[in-house]
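Going by the numbering used here, the first residue of the sequence shown is number 34, and it counts up by one from there.
Take a look at the structure set out below.
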Amino acid sequence: MNWFTWSLLSAFFAGITAILAKVGVEGVNSNLATAIRTSVVLVFAWCMAIPAFRGAGLAPLGRRTWVFLVLSGLATGLSWICYFRALQIGKVSQVAPVDKLSVAIAIVLAVVFLGERLSVREGIGAGLIVTGALVLALR
């Protein structure tokens with residue numbers, strides 16, 4: 034499968050996640066709900082990773098890799114904590130589009146920090162994502 038297929042699957046599962054999380058967070062502290070979800074993700078991720086690194090172990094991972102993966106994990110955790118709290122007090126139809134502003138934020142950060150080039154078409158697409166998120170969120 035190519036990157037686009039994987040991206041569509043990611044979007045599909047993220048959409049399902051929003052619905053399942055909204056139902057699951059009812060009557061539960063949002064931080065507890067995040068911890069439960071994170072525990073499940075942790076077990077699932079290790080079940081997927083262990084077969085991939087058999088024999089090689091963790092030795093090939095350099096310090097830079099560790100630092101950025103840990104920082105990415107912290108950012109993910111903070112995102113999930115905020116997302117679950119937003120779902121607990123808001124509507125999925127408003128929270129999910131605002132959460133997807135992460136796409137536009139990632140594009141801007143990729144340009145600023147990674148030196149990626151942004152075409153006019155990509156800029157227009159990012160602008161439409163922002164516009165769509167705001168139209169859906171601000172009823």
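All C-beta atoms, glycine included, are put in the ideal place defined by N, C-alpha and C.
Beta-carbon spacing of residue i, residue j below 7 Å
{"i": "A44", "j": "L120", "result": "no"}
{"i": "A51", "j": "V103", "result": "no"}
{"i": "S72", "j": "F117", "result": "no"}
{"i": "I114", "j": "V136", "result": "no"}
{"i": "G127", "j": "A170", "result": "Sequence inspection shows Gln at residue 127; the Gly mentioned does not correspond to that position. Contact flag set, yes."}
{"i": "L134", "j": "V144", "result": "no"}
{"i": "A159", "j": "I140", "result": "yes"}
{"i": "A66", "j": "V74", "result": "no"}
CB contact below 7 Å: residue i versus chain C
{"i": "T98", "result": "Looking at the structure shown, chain C is missing, and only one protein chain is on hand."}
Cβ shell of residue i (< 7 Å), same chain only, five flanking positions each side left out
{"i": "V56", "result": "none"}
{"i": "L167", "result": "none"}
Three-state class that DSSP yields for residue i in the structure shown
{"i": "G123", "result": "coil"}
{"i": "R150", "result": "coil"}
{"i": "G110", "result": "helix"}
{"i": "R87", "result": "coil"}
{"i": "P93", "result": "coil"}
Range covered by the alpha helix (DSSP H) that runs through residue i
{"i": "V163", "result": "153–170"}
{"i": "R70", "result": "63–82"}
{"i": "K173", "result": "Outside the displayed range of the chain (34 to 172) lies residue 173, so it cannot be described from this structure."}
Contacts around residue i, its chain only, beta-carbon distance under 6 Å, and the 5 residues preceding and following it disregarded
{"i": "A129", "result": "A51"}
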